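In what follows, a single structure is set out as structure tokens and then discussed.
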Amino acid sequence: MAEPFDAVDVITTKRDGSALSDAQIEWVIDAYTRGVVAEEQMSALAMAIFLNGMNRREIVQWTNAMINSGQRMDFSSLGRLTTDKHSTGGVGDKITLPLAPLVASFGVAVPQLSGRGLGHTGGTLDKLESIPGWRANLSNEEIYRQLGEGSGAVICAAGAELAPADKKLYALRDITATVDCIPLIASSIMSKKIAEGTHALVLDVKVGSGAFMQTLDKARQLAETMVQLGQDAGVHTVALLTDMSVPLGLTVGNALEVREALEVLAGGGPDDVVELTLALAREMLAAAGKPDADVEGALAHGQAMDTWRAMIREQGGDPDAELPYSRVTHDVVASADGVVQDLDARDVGIASWRLGAGRARKEDPVSAGAGIEIFAKPGDRVVKGQKLLTLHTDEEDRIPRALDVLSGTLHIAEEPVERAQSVVLDRVSADDLS
Ligand code: URA
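Just so you know, we're using the working numbering here: the sequence shown kicks off at 795 and counts up by one.
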């Protein structure tokens, strides 16, 4: 059967600054999924969208077309409300690990269909795979059973049938400099979340050097676009805008971040990680009709840890197994007395990636033990020779390239540094939309 459109005409429309019609969008996403629109044509279209943007109607239609490229999940028969969280990605962002069991410990189902790290941002599945035996790939039956009759929390890989157009397009955007574009990010994230069928969604939109959105204004625009898409699709959606100018917590890497998540589940952990975990948990539980849940108590009294242990066991992992360590460590020490002026999230993310914690290509393995431990953050006073970071790697020759990128940050001077009062910078809900 003849195709109703020509890819070149669709690209030309957007290249020349016009809006795409609903029919053009529906066709181009479907034809791309079928392999009729070639990768090079879609990369030209993605660049035209990057440069000329999309209006609200186009974004809604683009999102719907990506949802329709695959199957939808349906949690309506679970007998529990489902509430999910999505982070736009950052450095040291291990929040999903304590958050999912914490929220599930109140009887709400938490389906966290997660991804792997690419580039300088880590991936939740890579972190959890440092737990011996733990499995990321579950069948739909396993997911429904764990959510309905089991621990209530699932953190697993999204199946190939969920928004397959986004899987292809995201990989293409990653290699064509078209990732950090609000219409494309919003439609990518929301197509997967709407297809997943969650009742409520809390978005953690990161702002700062380690995030896709470098300014609060851009992050707010992205948050408003996603909240609107969620509301239009009947998903109760709220967004928190949170700081990603410095790494979250005191560890970056896979097993290192699991250890820190365990500290939070045991009632301890760094203040910023605890603050964000509690803020997101309160939003998720409020959206599921439990605004008064005692989330601090669930961490302090072991209720969240019990759910974590059950969730890890259900997915084949041993919650008591020792987590891997890297073979080599290297300390970075203060070159002078003074106050730490900066710790750039992107630089730390890239250094951790170079140490082996991240991957350059989808098929590359990651090192479970690699990463960075942080002992001083901006505003801390240090003395010459004091340990600032410990680098962990399995291959000693990775250390010089990691040190190279870190040489641009961790400056020490006598100027005082103002610390942010809170990691949560703003909140966007449906009430804030015009
Ligand atoms: N995460 C996604 O899933 N998609 C994007 O485009 C960016 C971050």
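Note that beta-carbon positions come from the ideal geometry of N, C-alpha and C, so glycine has one too. None of the values given here were measured: they were computed from a predicted structure.
Let's test the definition: count the other Cβ atoms within 10 Å of the Cβ of residue i and tell me whether it reaches 16, buried, or not, exposed.
| i | result |
| --- | --- |
| Thr1009 | exposed |
| Val1127 | exposed |
| Ile969 | exposed |
| Gln1215 | exposed |
| Met1105 | buried |
| Thr1123 | exposed |
| Met795 | exposed |
| Leu845 | exposed |
| Glu1090 | exposed |
| Val830 | exposed |
| Ser870 | exposed |
| Asn1048 | buried |
| Arg850 | exposed |
| Gly1083 | exposed |
| Glu923 | buried |
| Pro1159 | exposed |
Which class does residue i belong to by DSSP, given the choice of helix, strand or coil?
| i | result |
| --- | --- |
| Lys879 | strand |
| Leu1035 | strand |
| Pro977 | helix |
| Ser837 | helix |
| Arg1175 | strand |
| Arg828 | helix |
| Met1020 | helix |
| Asp1141 | helix |
| Gly1165 | strand |
| Leu907 | strand |
| Lys1181 | strand |
| Val999 | strand |
| Val902 | coil |
Comparing the CB of residue i with every heavy atom of the ligand URA, is any distance shorter than 7 angstroms?
| i | result |
| --- | --- |
| Phe1006 | yes |
| Tyr964 | yes |
| Val973 | yes |
| Ile979 | yes |
| Ile853 | no |
| Ser982 | yes |
| Thr890 | no |
| Thr1071 | no |
| Gly883 | yes |
In whole angstroms, give me the CA-to-CA distance for residue i and residue j.
| i | j | result |
| --- | --- | --- |
| Val1068 | Ala842 | 41 angstroms |
| Val802 | Glu852 | 18 angstroms |
| Leu1079 | Asp878 | 10 angstroms |
| Thr1036 | Asp800 | 42 angstroms |
| Gly917 | Arg1140 | 15 angstroms |
| His1227 | Pro1118 | Looking at the sequence shown, residue 1227 is not His but Leu. The straight-line gap from Cα to Cα measures roughly 46 angstroms. |
| Leu997 | Leu1074 | 9 angstroms |
| Gly1152 | Leu1185 | 14 angstroms |
| Pro884 | Ile976 | Correcting the residue type first, residue 884 is Gly in the shown sequence and not Pro. Those two C-alpha atoms are separated by around 17 angstroms. |
| Glu1190 | Ala1027 | 50 angstroms |
| Tyr938 | Val1199 | 44 angstroms |
| Gly946 | Ala1005 | 30 angstroms |
| Leu1103 | Glu1077 | This sequence places Arg at residue 1103; Leu is not what is there. Answer to the nearest angstrom: the Cα atoms are 23 angstroms apart. |
| Leu995 | Pro892 | 17 angstroms |
| Ala1055 | Ala952 | 22 angstroms |
| Arg929 | Leu966 | 27 angstroms |
| Ala832 | Tyr826 | 7 angstroms |
| Gly1143 | Phe1169 | 16 angstroms |
| Arg1221 | Asp887 | 19 angstroms |
| Thr972 | Asp816 | 22 angstroms |
| Pro895 | Met1099 | 7 angstroms |
Is it the case that the Cβ atoms of residue i and residue j are separated by a distance below 8 angstroms?
| i | j | result |
| --- | --- | --- |
| Val1052 | Thr1071 | no |
| Ala1130 | Lys1178 | yes |
| Gln1135 | Ile1193 | no |
| Arg866 | Gly991 | yes |
| Met860 | Ile823 | yes |
| Thr1045 | Glu1167 | yes |
| Leu1149 | Thr1203 | no |
| Val1001 | Ala1013 | yes |
| Ala980 | Ala957 | no |
| Asn931 | Cys950 | yes |
| Pro1064 | Gly1096 | no |
| Thr806 | Ser985 | no |
| Val1211 | Asp1066 | no |
| Val999 | Ala1017 | yes |
Taking only beta-carbon positions, decide if residue i is within less than 8 angstroms of chain D.
| i | result |
| --- | --- |
| Val1217 | In the structure shown, chain D does not exist; there is a single protein chain. |
Is residue i close to the ligand ADP? I mean its beta-carbon at under 7 angstroms from any heavy atom of the ligand.
| i | result |
| --- | --- |
| Gly829 | With respect to the ligand ADP, the structure shown offers nothing to examine, as its ligands consist of the ligand URA. |
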